[in-house]
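Below is one structure, written out as structure tokens, with a few remarks after it.
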DNA sequence: CGACGCGTTGAAACTCGTCAATTGGTGTGG
DNA sequence: CCACACCAATTGACGAGTTTCAACGCGTCG
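Protein chains in written order, with the numbering used here: chain A, 1 to 242; chain B, 1 to 242.
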């Protein structure tokens, strides 16, 4: 029933680092079970201090912050391989919420073992810092996108990055990948209104740059999309997987 | 000439964690010298793989990304106590540039010792993850600000956060703190045009909310500023200082 | 003295947000 | 089986916030 870390389907993918046998042994002990949640379910709440850490095995979700005025910022989309709860692990509480967009399956780790990890498994400790840095990098790029780019550029940027991450997670099929979110989710991620997001998507579709229908995204003219998004070259090496 | 880590003036401040004697001994070995740079000088460049890591001792700077179209996103302001170069340390290259806004003095650390830190000093390793998480948190908040707030709200948010950080660094005097940046710097940080930033600052000054003149920022009505910024309560505990 | 950087101000143009209404699909209860 | 509610996507109209363009003042520096 519960997947053995040694057989983890994610680790077989190219985008993730290989792991040494003794490190694997620790991960097996670190993992205390699996959690399956329904579409729409909350996973972590802002301000809470979760006793558990998670790695996404299957499904998609999103991280977001709610403002007192009711507005919402989607901080990023959550895909298989993502590690959840590290902020609470080191800072004492979550700074954003996480909820499931589709049904999800999560590996559950015991947070009280986190210190053991730092004490006896420096490789994994390094990996955790790496993961935090990757997030920092992504958020810096998102900030740049929202701060400096037009609606069309932001949408191209956001969807290209998403497709790239789907690819890493083994979910993309050529230029096509699943995109189970609503236009409102995308709008909240890019700092745009729903209406303007919809109209800009229509333009991109009419200009044969991309299509998004029935939960699937497809790039028809990746060249144009990338030019619009001003993407920095991707120098990512295999990511750690905890 | 060179400050001994044991006498570090920053560590005496309340906002930073105390450190155990054996940890201090390692920091002393880790520190290889001090670097003094002039106003306007580049410190780290995007894409570069710096062999050194820095902690700011004195002075201020800014982190930024440049876009192909010439626009600039200021990712954040750099104050004493900030650690620079961690991204290059774990990910292999910097994802943004850092430059000095005033004259600055930096502690220099040897990056090749980073692995020693993870291997033999788990407390410090944990602290590095913590620092990365703090950045992640800050960038998430900045993204939310730029994505969801009006010009006035963003400016209040940015300047309040800056004042708070000055306070932690022992640079604030009541409601006043130094602010050696240009309006263009602030505009680029908040995703606003220079002109609109200027006009909004004028409004805030006329409404007696804040004043920014001659390199110093002063809050006249903090209450109103905080309401405008929708600041989340600050739950920060003493930060690690490397 | 002139060049330059920074702050300031006015006017015009435009992107984008808000309001409002419609469509189509899905699920639920009578 | 149909009525109804509900949600996501869509479209039009209008207005507000923001950007862009342009010009000027002021202090500093060579």
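Positions of the beta carbon are idealized from the N, C-alpha and C atoms, including for glycine.
Neighbours of residue 69 of chain B in chain A, taken as residues whose beta carbon is under 7 Å from its own, are 230 in chain order. Here residue 195 of chain B is exposed, its C-beta having fewer than 16 other C-beta atoms within 10 Å.
In this structure residue 18 of chain B is exposed. Its beta-carbon is surrounded by fewer than 16 other beta-carbon atoms within 10 angstroms. By the Cβ-count criterion, residue 193 of chain A is exposed, with fewer than 16 other Cβ atoms from all chains shown falling within 10 Å of its own Cβ.
The residues 225, 228, 229, in chain order, have a CB closer than 6 Å to that of residue 156 of chain A in the same chain once the five nearest residues on each side in sequence are set aside. Linking residue 37 of chain A to residue 61 of chain A through their CA atoms gives a straight-line distance of about 11 Å. Shown in chain order are the members of the stretch 127 to 146 of chain B whose Cβ falls below 8 Å from a Cβ of chain A: 128, 129, 130, 132, 133, 134, 135, 136, 137, 139, 140, 141, 142, 143, 144, 146. Under a criterion of Cβ atoms nearer than 8 Å, the residues of chain B adjacent to residue 125 of chain A are, in order, 118, 122, 125, 126, 129.
At a cut-off of 8 Å, the C-beta of residue 86 of chain B has a neighbouring C-beta in chain A.
Residue 189 of chain A is positioned such that its CB atom lies no closer than 8 Å to that of residue 99 of chain A. At least one CB atom of chain B sits nearer than 8 Å to the CB of residue 65 of chain A. Among the CB atoms of chain B, none fall inside 8 Å of the CB of residue 196 of chain A.
The C-alpha of residue 171 of chain A lies about 24 Å from the C-alpha of residue 128 of chain A.
For residue 90 of chain A, the residues of chain B that pass the 8 Å Cβ criterion are 126, 129, 130, 133, in the order they occur in the chain. Residue 198 of chain A has its alpha-carbon roughly 10 Å from the corresponding atom of residue 186 of chain A. Listed in chain order, the positions of the stretch 161 to 184 of chain A with a beta carbon within less than 8 Å of a beta carbon of chain B would be empty, since no residue qualifies. Around the beta carbon of residue 48 of chain A, fewer than 16 other beta carbons sit within 10 angstroms, so the residue counts as exposed. Beta-bridge annotation (DSSP): residue 216 of chain B is paired with B:178, B:213. The stretch 56 to 75 of chain A and the stretch 110 to 125 of chain A do not touch, with fewer than 3 CB-CB distances between them shorter than 8 Å.
Taking a 10 Å sphere around the C-beta of residue 136 of chain B, we find 16 or more other C-beta atoms and assign the residue as buried.
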